Amino acid sequence: MVVYKGNLPEGNFRRSRDRLLLHLQDHTVDVNAVVRSRTLQLWTRLARASQIPIVFISGGLIRDAGGRLIDKSVSVRRNAATFLSAILEYNPFGASLNADDLADAISRLEAERFELKNTNPEKEGIRKACIEWASMKENLIQWITSSVKQRLSKQSAEASEEESVGGAIDQNGNENAAGDTENIYIEISETNDIGTTANECIIDDDVTLEELITKIVHALENRGTCRAAIEVLVRAALDGRFPTVNRNGTADEIIKECYESLQVYYFDEHKKMQLADDEEMLELEDRIGDYQKTMEELNNKIKLHENAIMFSLEIENCMKLALRSVMYGQANELTEIIHFIVEANKFGIRGSEKSVRELFKVVWRRDNAVKEIIINAARDLFISANKDRDVSARRSAENLIKIVLGIGEEERVSVEEVLCLMARENRWDIDLLDVLSAVVFETQGASRIAALRLFSIICRANKEFMRERLNFFVELTQREGFFDNDDGTLAAEFFNAIAMLGSTPNIKDVGTLYESPFRLTETHRILQCVHAVLVQNVANISYNWLIMMQKAVNTIFYVATRPSLCCRLIASGLMHEAKRSLAYFFLKKREVEQIEKIDFENPPNSADVDEFEDLLTMGKEQLRDSSETEDEELIASQSVGLVGNDSLSRMKKNALELMDKDKEQSFLAWETVAERVCAFAGQVALKTLVHTDVSFVAEMKRKNEILHDIRTNLNDIVHNKLERANCVEEFSTSRILSTLEAESVERRGFFEANEQEEGDRLGLTGISEEERILECAQRMCENAVSRKGSLLHRLSKFLVAVVKSKKNTCSEKLRSTAILALSKFMLLSMKTCVRFMPLFLEYFKNSPSSECRSNLMIAVGDLCFRFPNVIEKYSEHLYHGINDKDDYVRQTSIIILSYLMLNDMVKVRGTVADLAQCVNDENVNVGQLAKFFFSELAKKGNILYNLMPDMISRLSSNESVTIDDFIKIMKLLLAFIKKDKQADSLLEKLIQRMQGVVNKDGLFDTRLAECLSHCISCLPLSEKSFRFMAESLPAYSNLLVLECVFTNLQSAVLHFKKYSVRNTELKGEVDDFLDSLTKMHRDKQEHEGIANRGLIHRKKCKVPLKLKKVR
């Protein structure tokens, strides 16, 4: 391909090139995919050669290429992304293409152009004249007004005098020359007081208008002759020397016209004076040339920025299509599209940061090639390529902190996964970690939190690397004031980073079982910091304690050697705070009651007054501590020494208000502490379950694998050699046994024998070592809750007490937190689950909090997964959430029930008909979830077919379900019955059911007949089902009197005739059946009409009975 180098001048070559490029642009939407692909390749070569005119860039080329990102051809999509990346890289507008920044730049340039227009050299002389004119404008108007009025009054006086004398005025209205000279001399003589001579202001008839104007303008430039010039101007205007002034007009018109004429003549004369100076004109021409050059440059910059903003907006629109292509495209095209998004982010395209965060969601694909592409893209985005290592590390840290601060909770998981994969591949060097460490130590606020979050990602990716640098975290805890002014976010990130150093082992991966877990003693500085932060901030209402608590408990169970001991110490501190806050509340309550008991109606004795004075003094001190200055002044103004009832009552009222306020605050503090204690208890129970089922089992398996390897590798020969060499260490019998040895001897703890082991000492039952470990873990969970004196047993009593408390004792929020924590206790033990299940279900059905009901429904799913046999007994209670009044609860209930039923954790019973009613729910999301459930249920064999008769019966007999709703539900459900055998069988059952459509009164049940007939119309008929329907016509012929039944059956047969009947014989049978159906329908309607008319006639002819007179 040959391209023209450089800019082409106006002419045939440019027009030929533009026509060729237009023709090439049209081929980007060609019908042939090969042509589209090849065209985009040509445009890419032109873009890299910087030979695409700007008019094409902003004229639809980007839009056409962006539309190819969702092309059906993979090669076209790849080439479109390559072209967009190339035109971004070689764009003529610069390195920053943010639309907002460009708009601000255009505003600044336009303001600069406006200022430059005000400094136009062509208007400099006029500008000077304008300034001078503005300075004497008011004086000129005043002088013109006084002069015109004086002249007009004098003319009227002279006119009356001449009429009396017989003086004459010529036809043109001008006085004679002698009169002119005399009158002018008179006017000038009146201005001698301001320094004007008569010779300077004489106006002769020989003076032309231009000369007169020149003299007047020159006179205005001198302050001494300004007034005389105005007098001459007015006299000449009234004499008719100025054509722009109508001397026969009114005084105001003459004043206005004189002023406007003088202004025009003044500026015209200054222009003439400027053009007369040659040197000044040459200098002015040079300045005008510079001005025009600067103005042209500004206009070009503004036009370039306008084209740039159009280009930026076009690329911004292409970003959305690129994201769509990434989410649903193939792996072999992602490289080019991701490169385009990365390039857009480098050039600062608006919305590119959000697109990058959305792009990272692709990391969850199972394709390793896609992950590698995402990691390389992240490296190009975040890791600086500067050769200076310090600058590179600093810029990389800034990029990483920026992306961490800008993400939301939905995008956080994906972004952290990408950064974790980068860290695992050692894409982060030591210099970068040093910069992040400096940010943690030296900065505060969001930057420090983001840096700690990055360290948690590094701990998750390279555990061994960060375990060797544990002193870094220890130094943070020793740093004075590190957690000061923290709302819980900093502590949560710090504990999360520590928790990432340890982790739950993967039981399925045998290779990881040989790795010893990372554990810290309970006296370690970090665990002591966890204890202090949890206990000290539990009563702080403004502290984000719950989020921090979850991270802290994770830290304890992941890295502590004895998590139960750490949790026991923390729980002791929390309960101490709870008791203290509750005692303070009761103290305030008692003080309020004491004040209320004081009665001032009767003369108070000294004891009452002293008691009231003490309480009031105590209230003042508390008020002073809380800085309530206004109330303090009000109480301080009261005097206990007053004996008036009004004063004492007012003092009592103020004291009660003060005490009530303090009591409410103390109750709020108690509820906050109690709620957090409940949440802590639930989190400890949940983590105990995970720790026992995962960490404990993995540790036992690790020891068993190590012992097995030792026994396997140590053969008899080696064992004999070791015995001869006395390599086996002999222990003295008098030494102190370790804890594990003592438990082994006494058969306690892990070595405790259960009933099966006692009865199976020879191992005849065949229980494996792995099953024994799992049974032991299950037994430990049972004992953790049921054993008296244990931490969880005592906490469970507290939770039950809170749940069963009265409404005036504990708030609904506290009770909801307690029941949710209790549900986590129920996960530990089957006995506990059975024991508290009635209380759980009662609160689940009757809780006034929709959030609590939703959370308990999620807990039901966990309990069903943990103990399916226990939940099976209460399965009918699981459907209460479907009919909940809150949309979110219904949505959660459908999600949980769908998961349980589709995974065979709960048997699909007839109550699924209640779930079918959610198809017509007012909330669109609830309806979509219900439809998704039935579509997935239809894929599980014959379950939906087996449920259909019961569902039809329940929905048709439910009066709350309208006919329209029933029709919508059946259209959806019966559409999943696609097998002919199932459809025929279901149709036979429906026809047999129609034979007995009779209600309690012995009459036809119109609703049931309509529902059944509609179900028949929704099912596809086959030859077998049609013959059965025809043979059974006499059985349901009585229902044909109903129009809806006849219409539904007729539509079913017509649909069968149109799409399924192929042979002539069957078609004749269908026509005969339709004729019989129609005839029977008409006969039944006529018979029903005759019966109705006879009944009406009988009622009319019936003679009413006469009532007997009562004696």
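Just so you know, the numbering used here puts 1116 at position 1104 of the sequence shown, and the rest follows in order with no gaps. Don't be surprised by glycine CBs; every beta carbon is placed ideally from N, CA and C. As the structure is a computational prediction, the values presented were derived from the model and not from experiment.
Here T844 is not near V882, since their CB atoms are 8 Å or more apart. In chain order, L513, F530 place their CB closer than 7 Å to the CB of R479, counting only its own chain and leaving out the 5 sequence neighbours on each side. Rounded to the nearest angstrom, the Cβ distance from M561 to Q695 is 7 Å, consistent with a contact under 8 Å. Looking only at K825, T573, T567, the smallest Cα-Cα distance to A686 is reached by K825.
The beta carbon of T1018 sits closer than 7 Å to the beta carbons of L1054 from its chain, once the five residues preceding and following it are set aside; these are given in chain order. Ranked by how close their Cα comes to the Cα of L464, the residues L488, V338, D443, D441 have L488 in first place. With respect to the C-alpha of N497, the residue from A473, I461, N483 having the closest C-alpha is I461. Taking a cut-off of 8 Å for Cβ pairs, the segment 530-546 and the segment 588-601 do not touch, as fewer than three such pairs fall below it. Restricted to the segment 968-1008, not a single beta strand (DSSP E) segment is unbroken, complete and at least 3 residues in length. Every alpha helix (DSSP H) of 4 residues or more that sits fully in the segment 361-438 is shown, in chain order, as 364-371, 380-394, 401-417, 421-436. Per DSSP, M478 is one residue of the alpha helix (DSSP H) stretching across 475-479. Checking the DSSP bridge columns, you'll see A231 has no partner listed.
When C-alpha distances from V425 are compared across W376, C471, I395, V382, the shortest belongs to W376. Cβ neighbours of W557 within its own chain (closer than 7 Å, five residues either side excluded): G500, N549, V550, R688.
Your pair N357 and L393 checks out as a contact, with CB atoms roughly 6 Å apart and the cut at 8 Å.
Selection L346, I386, V565 evaluated against R89 yields L346 as nearest (Cα-Cα).
Ranked by Cα distance from I975, the options N958, H1026, K951 are led by H1026. Secondary structure note for E492: it is in no alpha helix (DSSP H), with a DSSP letter that is neither H nor E. Ranked by Cα distance from E243, the first of S159, E170, T220, Y277 is S159. DSSP places N508 in the uninterrupted alpha helix (DSSP H) bounded by 501-513.
Annotated three-state conformation of F453 is helix, per DSSP. Going by DSSP, Y1048 is part of no alpha helix (DSSP H) at all; its letter is neither H nor E. About 11 Å separates the Cβ atoms of V430 and I385, ruling out a contact at the 8 Å cut-off. Of the candidates E676, E782, E683, E782 places its Cα closest to the Cα of F708. For the options F372, V452, W440, R436, the alpha carbon positioned closest to that of I419 is the one of F372.
Nearest in C-alpha terms to G79, of all of G261, E326, D30, R239, is E326. When secondary structure is reduced to three states using DSSP, L532 falls in the strand class. Sorting M849, E370, W682 by C-alpha distance to the C-alpha of S887 places M849 at the top.
If you ignore the 5 residues before and after H1093, its C-beta comes within less than 7 Å of the C-beta of L1052, F1058, all in its own chain and listed in chain order. Per DSSP, W440 is not a residue of any alpha helix (DSSP H), being assigned neither H nor E. In the structure shown, A463 falls within a helical segment according to DSSP collapsed to helix, strand and coil.
For L851, the uninterrupted alpha helix (DSSP H) segment begins and ends at 842-858. Ranking L804, G493, S910, Y1071 by CA distance to the CA of L941 puts S910 first.
The bridge partners DSSP lists for F126 come to none.
Burial is judged here by how many other beta carbons sit within 10 angstroms of a residue's own beta carbon; M671 has at least 16 and is buried. Judged by DSSP in its simplified three-state form, F877 adopts helix.
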